[in-house]
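Okay, so the sequence shown: first residue is 508 according to our numbering, each after it adds one. C-beta: ideal position from N, C-alpha, C; glycine also. What follows is one structure encoded as structure tokens, with my remarks underneath.
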Amino acid sequence: MSSNPTAKKPETGSTGDQEERIKRFLATASHDLQSPLRHIAMYAEMLLDDLEPTLDGEQLQSLRMIMEKAQTAQRLTKALMSLAGTIPQITISDARLTDLAREAWKQALDEFPVSGATLDADNLPLIRSDAALLTIVLKHLFSNALTFHGSAAPRVSVTATRDGADCCIIVADNGCGIEPDYQEKIFDAFWKLPKSGTAQGPGLGLTTTRDLLGTLGGDIKLDHSDESGSRFAIRLPA
């Protein structure tokens, strides 16, 4: 029996189906990570209580760092579980945007260390939002700025203004910019900005920022991008 050369190949699934599978994976992985992270934080705290008098300053700092990182990872995995669930759960509270930006910057630099990188995020207002989710959003934007920087050291600024019933947050960088042909694609799941010599992630960073902000009743757009850098505009309910 001969094959039909004109027969269509079976479709591999839509982007929506892929995103749904990713969300199910995130929910399962985040749930399974909760127990080991809880034990890491618990044992680190026990070691601090038992050994603090016998440890030197550097050892104490390292042990405290283990405990703090485990606690941070616990908060983030809980946020991912909420994001991946059919009914996301968010915790709205007063949060200092400057503190969230600095924490997100620290996390991004830990993952993508770049010499001379600077953040300008001083005197930002107090906002009401979910601190864990918004920290993830900022971290993704900062990580992109650190990854796709130009010849100069990365420089990122965060500003915020009130626009009626909304809070508008602008995240700007001095990176290499996004070519016009690519600007409509950057929020698509699994799409990656081509750049030689750069470690490629899964292509979900900006997709995640869009979905997280949607969970919070907000949105994000690329406000401007050229060879001098990119500027993202975040809108959140005030």
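The stretch 677 to 687 makes contact with the stretch 656 to 669: 3 or more CB pairs, one atom from each, lie closer than 8 Å. Taking the CA atoms as reference points, Ser732 sits about 12 Å from Glu691. Secondary structure of Ser636 (DSSP, three-state): strand. Shown here, Ser664 sits in a strand according to DSSP, grouped into three states. Excluding sequence positions up to five before and after Leu631, its CB lies within less than 6 Å of the CB of Leu604, Thr605 and Ala667, all in the same chain and listed in chain order. Around the C-beta of Ala638, 16 or more other C-beta atoms lie within 10 Å, and the residue is accordingly described as buried.
When the beta-carbon positions are compared, Asp601 and Leu633 come within less than 9 Å of each other. When Asp726, Leu570, Leu607 and Arg609 are compared, the shortest CA-CA separation from Leu554 is found for Leu570. Lys692 carries a coil assignment under DSSP once its states are collapsed to helix, strand and coil. A residue is called buried when at least 16 other Cβ atoms come within 10 angstroms of its Cβ; Ser737 meets this threshold and is buried.
With 16 or more other Cβ atoms from the protein chains shown falling within 10 Å of its own Cβ, Gly725 counts as buried.
Shortest Cα-Cα distance from Met549 to any of Met574, Asp539 and Leu562 involves Met574.
Less than 9 Å separates the beta-carbon of Gln614 from that of Thr579. For Lys728, the number of other beta carbons within 10 angstroms of its own is below 16, and it is reported as exposed. Spatial neighbours of Asp629 in its own chain (CB-CB distance under 7 Å, excluding positions within 5 residues in sequence) are listed in chain order as Thr605. With fewer than 16 other Cβ atoms from the protein chains shown falling within 10 Å of its own Cβ, His546 counts as exposed.
Within the same chain, Cβ atoms closer than 8 Å to the Cβ of Asp627 are found at Arg662, Val663, Ser664 and Val665, the five residues on either side in sequence being excluded. In the three-state DSSP reduction, Ile727 falls in the strand class (E or B).
Apart from sequence neighbours up to five positions away, the residues of its chain that approach Thr625 with a beta-carbon distance below 8 Å are Ala660, Pro661, Arg662 and Val663, ordered along the chain. Annotation for Asp601: the continuous beta strand (DSSP E) segment containing it runs Ser600 to Arg603.
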